[in-house]
Amino acid sequence: MHEEMKAFGQMLGKEQEADNWLAAFDEDVKQAKASIAGLVPAGTTFSIMGPFGKGFYIYGDGVNRGGQAIYPQLGLTPAESVRTDLIQKKGDAQSVSTENIAAYAGDYIFLDISGGAEFDESSPVWTSLDAVKNNRVFKLNPDRFWPYDPIAVQTQVKEVANMLPERLGGKKAQK
Numbered sequence: 002m003h004e005e006m007k008a009f010g011q012m013l014g015k016e017q018e019a020d021n022w023l024a025a026f027d028e029d030v031k032q033a034k035a036s037i038a039g040l041v042p043a044g045t046t047f048s049i050m051g052p053f054g055k056g057f058y059i060y061g062d063g064v065n066r067g068g069q070a071i072y073p074q075l076g077l078t079p080a081e082s083v084r085t086d087l088i089q090k091k092g093d094a095q096s097v098s099t100e101n102i103a104a105y106a107g108d109y110i111f112l113d114i115s116g117g118a119e120f121d122e123s124s125p126v127w128t129s130l131d132a133v134k135n136n137r138v139f140k141l142n143p144d145r146f147w148p149y150d151p152i153a154v155q156t157q158v159k160e161v162a163n164m165l166p167e168r169l170g171g172k173k174a175q176k
């Protein structure tokens, strides 16, 4: 995020404006993290996943489905398989078979259903996931979580911080 915004500032000759924006962004992230501090027990994992077209995908910490906001900005812990198979390998997305969804499911799931996908939320594979059984699935709005520009990530950070308390037993974060 910082590299991208600084590059925009340099290209446009607006370095100070970029620095000011980054300071505001960093403050928003700090406030969002503070609003969820103590709500996420140590060891709790999160996954971003969902059907797209005719496939099912797992998303890392890159440009897809709020990955930048959820993992590097808010510091939420990815499921181990997401960390090793995507994040460490610098992968943004990975197609997985229905049978392998459970291997990537965190304690909480951010679910994106988009790209004309049809998804049976009553399927045995889906309903067997602990996150689903325990009402720990957050449905992402594709219009809000597909973009990955700095302003979109700033908004996603705030939205995720507002989503989490609903299922983690805390108060809603400030907007």
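Everything in the sequence shown is counted per this note's numbering, starting at 2 for the first residue and increasing by one.
Note that the Cβ used here is the ideal one computed from N, Cα and C, for glycine as well.
Under 7 angstroms between C-beta atoms of A80 and Y58: no
According to DSSP, what are the bridge partners of M50? I59 and L112
Integer Cβ distance of A162 from S36, believed to fall under 8 angstroms: 5 angstroms
Compute the distance between the beta-carbons of V30 and Y149, then report whether it is under 7 angstroms. Y149 sits away from V30, with the two beta carbons spaced by 7 angstroms or more.
What three-state label does DSSP hand Q95 in the structure shown? Under the three-state reduction of DSSP output, Q95 falls in the strand class.
How many whole angstroms separate the CB atoms of F146 and G67, which I take to be in contact at a CB cut-off of 8 angstroms? 4 angstroms
Less than 8 angstroms between the CB atoms is what I'm expecting for K7 and A19, so what's the real figure, rounded? 6 angstroms
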